[in-house]
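Peer 1: Sharing a structure, written as structure tokens. Questions coming.
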Amino acid sequence: MSARSSIRNNSPRIEAVRPAKDVRRAIDWGSLAPIRIRARVVAEGVYAGSHRSARKGAGVEFGGHRAYTPGDDLRHLDVRSLLRHDHLLVRQFETETDRALRLVVDASASMGYRGSRAPGSKLAWAALVAAALARVAIKSGDPIGMSFIGGSKDARPVPVRGGREVFERVVDALEAQSAEGEAGSSIAMLDAAIGSIARSARRGSVVVVLSDLLDLPPQAAARIGAISTRGCVVVVVQTLDPDEADFPFKETVRLKSLEGGVTVETDEAARERYLAALAAEQAAWRQALVSRGAKLLTMTTDRDPVAAVRAIVEAAL
Amino acid sequence: MSFLTILALGVAVLVAAPYLAHRLRRKRADEVPFAPARLVPEAPPKARRRARLEDRSLFAIRAAAIVALALLGASPLVRCSRLALSRGGASVAVAIVIDDSMSMRAKDSGDTTRFERAKKGAEEILASLREGDAAAIVLAGAPARVGLAATTDVSAARAALEGVGESDRATDLDGALAIARTLVGELPQIDRRVIVLSDLADGKSDGPALGSNGDSSVPIWVAMPELAKANDAVDCGILSADRAGGRARVRFACSVPHAATGREVQIKDGEKVLASAALPQTALGEVMIPLTGDDTRELFAVLTGTDAIASDDRALVVVESGPAALAVVGDRTDDAVSTGGAPVVEQALAALHVDMAVRPIPQAPDRREDTAAFAAMLIDDPPGFTPEQRHALAAFVDRGGVLVLALGRRAAAAPLGATFEPFLAHAPSFGPTPTQSVDPESGAPVLGDGATSLDDLTAKGRATVAPDDVAAFESLLKWSDGAPLVLRRARGRGEVWLTTLSFSVDASDMPLRPGFLSLLDAIVAAAKERSAPLRGDVGVPWAFAGARQVEAEGPRGRVPSARGDGALRIVPTLIGPYRLTVDGTPELRVAAPMQRELDLRPRAVVSEATSSSLGGGVSVVDVSWTIALALLALVAAETVVRAMTRPRGETA
């Protein structure tokens, strides 16, 4: 059965807006659960495929030891520790720039969409990628912070912290999240998520925005791109469902947006025009971001999370 | 048709609803969540898509379902009325009497004849039979006959019924009922019935009611009384049309006198009308029409106008001559009654109202051609025959004539050279009779009850036939001492009858007894049967004793011959001319209708014979259940089709 034909037989699923006490079931995790384990697996895959440390540059202040990772600069190998403890340890130095990972996850209502071919909802996939990125960052000793665009009011953002426990906090926050709210209705929702980043992120911080970019306010591209001008590495990952990427509908359907209350009756004849409109919007985002030094990645949720995280890491280098 | 029925049928109008829905509805699409919906352009409505039938199979099923629903609601209307037996649980034996007489040709309404309706009724009755039931078919056209002996093979009964056709016979309901009762009377089924499918017009409208004198163990059911109730049909028919002496004599009969009003009889040569005359307003009449021209032309008498039965409105005009005459040979001086008048034989024949001319001749003919005009020759106390006479009489008998020799005193005193050869090898003798009475039982088969009247004949003597000659004859009536009184012998296609008493009242009282009339009647019947009359009653077989091959071409093609009672027989079932070839000799005969068949008045029927307890004249076969099943099947099919074509849910 082709991908398109499967669309006919499987209705898209969308996470319902549920009370906060039931948020753990709010996200359609699909085959991406459990995120805690899956994120570690993804992160391990990223390590295995990567031969370079996520951390680069030399500092002037000693920052402790960590286990040697293939690819580390041998100049930082602590020979004394090797002789004393028979362990390969690398001496760490705090760089001058802040390499903190700031994750911005779009948890608005549109992120709850899951097509027939997707392993989970867009929010689930984004959460998995975010957790995996957090795991990678923790492995590298980078502090992590996370905020949400929209989402459940009960889900709190994760302040920037270092250490292993922050991964648990990130995962807890992601698991407590649900797809709610209309991000496009007000710029305030976006500002709440990236405002602190724009104000406090140090140079060298890596800002990863995981969003479908579909219902953000018009100023969103400029606001997000502006972070890049502050010396941060901004990687915007447009997270789309496979159905959103190729418009597989063959018969007449009434499409109802998840935000904004738009309902459109259309058929397969609209596919080309839709794809053109989507491409134009992506081009606009890319133009707005690239012009400010940010990067835009477009991924669909049927993509392998390992490859996705690796691509994001590479884009952040 | 009730209001509810009309209302239910009105539901069928809704068959247009799914059509309009399929034609006009715009396909309401499924609503699907789709985040970038604002990027999707709205598809413009397509008129073509709006107009087309989107699911033809679904539409057809829905339309059929609505029609089935309407029919189900109106099921009282669409019930099929059929004849069926009212029955319990036991097997039934039925004898179906189908009237195939001429009156059943009448069309009471429409183009369907009574016979066709009766035949359809018989088919419905056969269809209602179950396994173990027995059926027999009896045909009521005269003479009544068995169409199919009782059988439990319903398919054989259907096949036999299929072969039954219309005829112009008279009606013999009584005979048919007797046969029917005989056929089913001995069957093991407890429930036995005789089913009559007839218009009951058997010419006995004033007779006893049908079923009043029958066996109550085999009740009669007149299954289609409507055939008899439709008595508004009138008919006139030509009984005979003869030509003699430059004029045509047409005898006709009408069911009612006013049926002849405005009608006339025409004498036609092909399509050319030679002469015509108006029919007198009478139920039975005769029209004389003068004719001129060549007598060899084949003329037809035709009744103008139309009536219930068309087949009897046309008849061949035959020359009044030929063998349909009886010759009485006797010495009129001796045979004359003392009070004057014709000899007693002639008077007896006149009393019998035989449809044959009686011609007295002084002596037996001695030329063959002189015998050609006669069907029978009654020779009273002949003193032997001359060789020429013997030769002529032998030829007469061989060609089918009936020769009756009443042997008396003179027969035993034949002059030299005069003998009775080749009919008798020895000369008969004459002497006193030891007894004056006859054995009635010996004559019952031929004379019936008339034989009992031949008692104390006061005969002054009787002839005695040599034993060798007696052995060559069949004894039809015997004296009480066993000596033959009436003898019969077949010869060629004819017969030779002998009586050992002469027909003279001076010789005995036999000519004065009713038994004598019975004897003459039997002789005349034999003469009619064996001779070649130009005209005979339809349905009465023509026998060709001694003939080796007979071919007949009837009004509707070839008529088969069958051998029975030692002679080839042909049964004329239709009115009209029959062109025969008897052993290579061409012959023309005419089958004429019987007068009683033109009386279309139905015979009365006992009320029990039309009781609904015997059968369902109004029985119905309810087809509602079949419609309901069809409706259920359509609903199931509609569900399946929807499931196959609308997996996301039907929105229409």
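For the record, the sequence lines run as chains A and B. Read in our numbering, the first sequence has 86 at position 90, and its numbers run on one by one without any break. Read in our numbering, the second sequence has 343 at position 323, and its numbers run on one by one without any break. For each residue, glycine too, the CB sits at the ideal point set by N, CA and C.
1) Counting Cβ pairs closer than 8 Å, one from the region 561 to 575 of chain B and one from the region 506 to 517 of chain B, do we hit at least three?
2) Check each residue of the region 250 to 267 of chain A: if its Cβ is closer than 8 Å to any Cβ of chain B, include it; give the result in chain order.
3) Have a look at Ala683/B and Gly30/B and give me their C-alpha separation to the nearest angstrom.
4) Looking at the secondary structure, which residues open and close the alpha helix (DSSP H) in which Arg271/B lies?
5) Please indicate yes or no: does the CB of Ala547/B lie closer than 7 Å to some heavy atom of the ligand GTP?
6) Between Ser111/B, His411/B, Thr191/B and Leu369/B, which has its C-alpha nearest Ala154/B's C-alpha?
7) Can you give the Cα-Cα distance for Asp127/B and Ala527/B, rounded to whole angstroms?
8) In chain order, what residues of the same chain lie with their CB nearer than 6 Å to the CB of Ala280/B, ignoring the 5 residues before and after it?
9) Taking buried to mean at least 16 other C-beta atoms within 10 Å of its own C-beta, is Phe58/A buried or exposed?
10) DSSP three-state call for Ala311/A: helix, strand or coil?
11) Could you spell out the range, first to last residue, of the alpha helix (DSSP H) harbouring Gly205/B?
12) Cβ closer than 9 Å: which chain A residues qualify as neighbours of Arg662/B?
13) With 8 Å as the threshold, decide whether the Cβ of Ala179/A is near any Cβ in chain B.
14) Opposite Thr601/B in the DSSP bridges: which residues?
15) Quick check: what's the CA-CA separation for Arg48/A versus Ala663/B?
16) Residues of chain B with a CB under 7 Å from the CB of Asp208/A: which are they?
17) Got a sec? Which residues, its chain only, sit under 6 Å from Pro310/B by beta carbon, not counting five neighbours each side?
18) Taking Ile183/A as the reference, give the member of Val309/A, Val162/A and Ala216/A with the closest Cα.
19) Measure the alpha-carbon distance for Ile199/B versus Val158/B and round it to whole angstroms.
20) Note down, in chain order, each residue of its chain lying with its Cβ closer than 6 Å to the Cβ of Arg387/B, except the 5 sequence neighbours on either side.
21) For Val293/B and Leu505/B, I'd like the C-alpha separation in whole angstroms.
22) With a threshold of 7 Å on Cβ separation, who are the neighbours of Ala237/A within its own chain once the five nearest residues in sequence on each side are excluded?
23) Under 8 Å Cβ-Cβ, which residues of chain D neighbour Glu277/A?
24) Which partner residues does Gln234/A have in the DSSP bridge list?
25) Could you tell me the alpha carbon to alpha carbon distance between Pro407/B and Glu441/B, rounded to whole angstroms?
26) Would Ala88/B count as contacting chain A if we go by Cβ distances under 8 Å?
27) Helix, strand or coil: how does DSSP classify Met614/B here?
28) According to DSSP, is Gly451/B part of a helix, a strand, or is it coil?
29) Does DSSP classify Phe54/B as helix, strand or coil?
30) Need the endpoints of the alpha helix (DSSP H) that Met185/A sits in, please.
31) So Val205/A and Val305/A are supposed to be a Cβ contact under 8 Å. How far apart are they, rounded?
32) List the residues of chain A that Glu51/B touches, going by C-beta distances under 7 Å, in chain order.
33) Helix, strand or coil for Lys135/A? Go by DSSP, reduced to three states.
34) Identify which residue in Val125/A, Leu210/A and Ala194/A has its Cα closest to the Cα of Ala57/B.
35) What first and last residue would you give for the alpha helix (DSSP H) that runs through Asp390/B?
36) On the three-state DSSP scale, how would you describe Thr65/A?
Peer 2: This is what the structure gives:
1) Contact holds: three or more Cβ-Cβ distances are below 8 Å.
2) Residues Arg250, Leu251, Lys252, Ser253, Leu254, Glu255, Gly256, Val258, Thr259, Val260, Glu261, Thr262, Asp263, Ala265 and Ala266.
3) Given that chain B is displayed from residue 21 to residue 672, the structure contains no residue 683/B and the question cannot be resolved.
4) No alpha helix (DSSP H) holds Arg271/B; the beta strand (DSSP E) holding it covers Arg267 to Cys274.
5) Looking for the ligand GTP in the displayed structure turns up nothing, as the structure carries no ligands at all.
6) Minimum Cα distance to Ala154/B is reached at Ser111/B.
7) It should be pointed out that residue 127/B corresponds to Lys in this sequence rather than to Asp. Distance between the alpha carbons of Lys127/B and Ala527/B: 59 Å.
8) Short of 6 Å from the beta carbon of Ala280/B, and not among the five residues preceding or following it, lie these beta carbons of its own chain, in chain order: Cys256, Cys274, Leu299 and Gln301.
9) Answer is exposed; the Cβ neighbour count stays below 16.
10) The answer is helix: DSSP assigns Ala311/A an H, G or I state.
11) For Gly205/B, the uninterrupted alpha helix (DSSP H) segment begins and ends at Leu193 to Gly205.
12) Chain A residues near Arg662/B: none, gap ~15 Å exceeds 9 Å.
13) No, because no Cβ of chain B sits closer than 8 Å to the Cβ of Ala179/A.
14) Residue pairing by DSSP places Thr601/B opposite Glu571/B and Pro606/B in a beta bridge.
15) In this prediction, Arg48/A has a pLDDT of 39, which is less than 50 and means its spatial position is unreliable; what the coordinates show is noted afterwards. About 57 Å.
16) Within 7 Å Cβ-Cβ: Ala55.
17) The beta carbon of Pro310/B is closer than 6 Å to those of Arg267 in its chain, skipping five residues each way along the sequence.
18) The alpha carbon of Ile183/A has as its nearest neighbour, out of Val309/A, Val162/A and Ala216/A, the alpha carbon of Ala216/A.
19) Approximately 7 Å between the Cα atoms of the pair.
20) Result list for Arg387/B: Ala412, in chain order.
21) C-alpha separation (whole angstroms): 55 Å.
22) In the sequence as presented, Ala is not what sits at residue 237/A; that position holds Asp. For Asp237/A, where only same-chain residues beyond five positions count, the Cβ hits under 7 Å are Tyr109, Arg110, Gly111, Ala114, Lys118, Thr296 and Thr297.
23) Among the protein chains of the structure shown, namely A and B, there is no chain D.
24) DSSP output for Gln234/A lists Ser207/A and Thr294/A as bridge partner(s).
25) Pairing Pro407/B with Glu441/B, the inter-Cα distance amounts to about 9 Å.
26) Look at Ala88/B: its C-beta is not under 8 Å from any C-beta on chain A.
27) Met614/B: coil per DSSP, three-state reduction.
28) Here Gly451/B sits in strand by DSSP.
29) DSSP places Phe54/B in coil when its eight states are reduced to three.
30) First-last of the alpha helix (DSSP H) with Met185/A: Ile183 to Ser196.
31) Actually they do not touch by this definition, with Cβ atoms about 15 Å apart.
32) Chain A residues near Glu51/B: Arg250 and Lys252.
33) Looking at Lys135/A - three-state DSSP - the assignment turns out to be helix.
34) Ranking the options by Cα distance to Ala57/B, first place goes to Leu210/A.
35) Residues Arg388 to Thr391.
36) In the structure shown, Thr65/A sits in coil (DSSP, three-state: anything other than H, G, I, E or B).
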